[in-house]
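Note sheet for the following structure.
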Amino acid sequence: MHVRTRLAYALCRYILIGPALVVWARPRIAGREHLPTRGPVIVAANHLSVLDSFYLALAARRPVTFLAKREYFERPGPVGRLQRWFFLTLGQIPVDRRGGTEASSALRRAVEILNDGGAWGIHPEGTRSPDGRMYRGRTGAVRVALITGAPLVPVAISGTGRADGRSSGRRRVTIDILPALDLRSGYVDEDRIRVLTDELMATICERSGQSYIDEYARRWTSGDERPGAA
Numbered sequence: 001m002h003v004r005t006r007l008a009y010a011l012c013r014y015i016l017i018g019p020a021l022v023v024w025a026r027p028r029i030a031g032r033e034h035l036p037t038r039g040p041v042i043v044a045a046n047h048l049s050v051l052d053s054f055y056l057a058l059a060a061r062r063p064v065t066f067l068a069k070r071e072y073f074e075r076p077g078p079v080g081r082l083q084r085w086f087f088l089t090l091g092q093i094p095v096d097r098r099g100g101t102e103a104s105s106a107l108r109r110a111v112e113i114l115n116d117g118g119a120w121g122i123h124p125e126g127t128r129s130p131d132g133r134m135y136r137g138r139t140g141a142v143r144v145a146l147i148t149g150a151p152l153v154p155v156a157i158s159g160t161g162r163a164d165g166r167s168s169g170r171r172r173v174t175i176d177i178l179p180a181l182d183l184r185s186g187y188v189d190e191d192r193i194r195v196l197t198d199e200l201m202a203t204i205c206e207r208s209g210q211s212y213i214d215e216y217a218r219r220w221t222s223g224d225e226r227p228g229a230a
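Numbered by full-length UniProt numbering, the letters in the sequence shown go through residues 1 to 230 in order.
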């Protein structure tokens, strides 16, 4: 990770964003001993809020590079340019959530980060939950873990749906960092990768307390009405 990126990360974590998150949501962080402070590691978490990645970075105590949806880098106008600068300065990776060659390129970049000893964060659901339930995970986290040998650490997040203002009231944010999954096995094929991904999601779901639905989450846009909305 470049020096400029490390400085920007430290500025956001310790001065600009981190203190505000602590004051607003009083996050409870458990299991930090399961997340190595150096060396390659994959951090895989459920996704309830736009703030989830910021809370994960707060919990990690080290720079974490995330996949960020491509739309964050393409918004027009002054706000869009500021947003693009922000994510690029922090070293985040744009990804087309529809898949294809750009998504594959993002995963290759993740492999490079891990091979350099970095930390890579991902939300396997691919998008925020539209209704608070956990949805089927995509297999990228497991694939990259098998390629690199990096430990795959599940993280269960709860409370951020309220902390970002999408729900009424305030609720304390909880971040549970769980022991790395044991991915050691014999022959690994597509079926095995699917099984390992399902195990990852089940581990997170058990701790987050969400109900689980075995289908991929729909990617919501600003014009959509979320389930349960009046």
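A virtual CB, placed ideally from N, CA and C, is assigned to each residue, including glycine. From a predicted model like this one, the values you see are computed outputs, not experimental measurements.
Excluding five sequence neighbours on each side, which residues of the same chain lie with their C-beta closer than 6 Å to the C-beta of residue i?
{"i": "A156", "result": "D176, I204, R207 and S208"}
{"i": "L82", "result": "none"}
{"i": "G18", "result": "L58"}
{"i": "Q92", "result": "F66 and A68"}
{"i": "S211", "result": "R133"}
{"i": "P124", "result": "A44, G137, R138 and A141"}
{"i": "D52", "result": "I157 and T160"}
{"i": "S168", "result": "Low confidence applies here, because S168 scores a pLDDT of 48, under 50, leaving its location unreliable and the question unanswered by this model."}
{"i": "W24", "result": "none"}
For residue i, which residues in the same chain have their Cβ closer than 8 Å to its Cβ, ignoring the five residues on either side in sequence?
{"i": "A32", "result": "Rather than Ala, the amino acid found at residue 32 in this sequence is Arg. Hits under 8 Å: A59, R61 and I177."}
{"i": "R28", "result": "R172, V173, T174 and I175"}
{"i": "A30", "result": "T174, I175, D176 and I177"}
{"i": "V142", "result": "L152, L183, I193, L196, T197 and L200"}
{"i": "G80", "result": "E74"}
Who are the near neighbours of residue i in its chain, counting only those whose CB is closer than 7 Å to its CB and skipping five residues on each side?
{"i": "D214", "result": "R136"}
{"i": "Y55", "result": "L21, P27, I157, T160, V173 and I175"}
{"i": "N41", "result": "The sequence given here places Val at residue 41; Asn does not occur at that position. Closer than 7 Å at Cβ, skipping near neighbours: L35, A119, A150, P151 and V153."}
DSSP beta-bridge partners for residue i?
{"i": "T65", "result": "W120"}
{"i": "R28", "result": "T174"}
{"i": "V23", "result": "DSSP lists no partner for V23."}
{"i": "V95", "result": "K69"}
{"i": "Y135", "result": "I213"}
Please report the residue range of the alpha helix (DSSP H) in which residue i lies.
{"i": "T148", "result": "G140 to T148"}
{"i": "D56", "result": "The sequence given here places Leu at residue 56; Asp does not occur at that position. Counting along the chain, the alpha helix (DSSP H) containing L56 begins and ends at D52 to A60."}
{"i": "E199", "result": "E190 to S208"}
Assuming the contact rule is C-beta atoms closer than 8 Å, residue i and residue j should be a hit. Round their C-beta distance to whole Å, please.
{"i": "T65", "j": "G118", "result": "6 Å"}
{"i": "V95", "j": "R70", "result": "6 Å"}
{"i": "P130", "j": "A202", "result": "Contact flag wrong, Cβ pair sits at about 20 Å."}
{"i": "I147", "j": "V111", "result": "6 Å"}
{"i": "V144", "j": "L181", "result": "With a Cβ gap of about 13 Å, V144 and L181 do not count as contacting."}
Taking the beta strand (DSSP E) that residue i falls in, what are its first and last residues?
{"i": "L152", "result": "L152 to S158"}
{"i": "A44", "result": "V41 to A45"}
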